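Q: Take this structure, written in structure tokens, and hold onto it; I'll ask about it next.
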Amino acid sequence: MNKKTIGDKGESFAVKLYEKSGYTVVKRNYHSRYGEIDLIAENETELCFVEVKTRNLSSLGNPSEAVDYRKQKKLALTAMKYLGETQSFKQPRFDVLEIWQQGGEIVRYNLIENAFYAEDFAGQYEMF
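The sequence shown maps to residues 858 to 985 in the working numbering.
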């Protein structure tokens, strides 16, 4: 199974997980010049920007370790771009969904809500 297939399976799982929790998925793979957000989901009060990281069970480390400071900054800038386009007034939140798979099947996941905050990059935003 190649990386894209593994990633697509993880993102499809994420959609089901958020929908089961009462969220509506409004975008998948939202792109800006800063990067990509895997999933954007909302409920009545929150707008979640979700980074999905899927790894094989035998991989070293946790999938969330790939969401380093540089990646977080790209996600925050991309989210700001999205918010500017949609004029949403819902509370934004950045989640990281770790997924482990083995033999093509998802065997474990860990949802990290509020994994980081856009305020962590105060003063570092570019104008859109």
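For glycine and all other residues, C-beta sits at the position ideal for the given N, C-alpha and C. Since the structure is predicted, the reported quantities are computational estimates derived from the model, not experimental observations.
1. In the DSSP assignment, find the beta strand (DSSP E) that holds residue 868 and state where it starts and stops.
2. Name the two residues that bound the continuous alpha helix (DSSP H) containing residue 936.
3. Within its chain, find whatever has a CB closer than 7 Å to the CB of residue 909; leave out the 5 residues flanking it on each side and keep chain order.
4. Give the secondary structure of residue 1002 by DSSP, where H, G and I count as helix, E and B as strand, and everything else as coil.
5. Tell me, which residues are paired with residue 889 by DSSP?
6. Got a sec? Which residues, its chain only, sit under 8 Å from residue 984 by beta carbon, not counting five neighbours each side?
7. With DSSP as the reference, label residue 901 as helix, strand or coil.
8. Leaving out the 5 sequence neighbours to the left and right, which residues in its chain are closer than 7 Å to residue 932 when beta-carbon positions are compared?
9. For residue 971, collect the residues of the same chain with a Cβ closer than 8 Å to its Cβ; drop the 5 residues on either side in sequence, then sort them by chain order.
10. Would you kindly work out how many angstroms separate the C-alpha atoms of residue 916 and residue 873, rounded to a whole number?
11. Apart from the five residues on each side of it in sequence, which residues of its chain come closer than 6 Å, Cβ to Cβ, to residue 884?
A: Let me spell this out:
1. Where residue 868 is concerned, there is no enclosing beta strand (DSSP E), although the alpha helix (DSSP H) it sits in stretches over 860-877.
2. 926-943
3. 867, 868, 871, 895, 896, 954 and 956, listed in sequence order.
4. The chain is shown only over 858 to 985; residue 1002 falls outside these bounds and no answer can be derived.
5. 892
6. Annotation note: pLDDT 40 at residue 984 (below 50); position unreliable, coordinate value reported separately. Nothing meets the Cβ criterion.
7. coil
8. 892, 894, 906, 908 and 951
9. 950, 951 and 952, listed in sequence order.
10. Spanning the two alpha carbons is a distance of roughly 24 Å.
11. Its chain contains 897 as the residues whose beta carbon lies nearer than 6 Å to that of residue 884, once the 5 sequence neighbours on both sides are disregarded; these appear in chain order.
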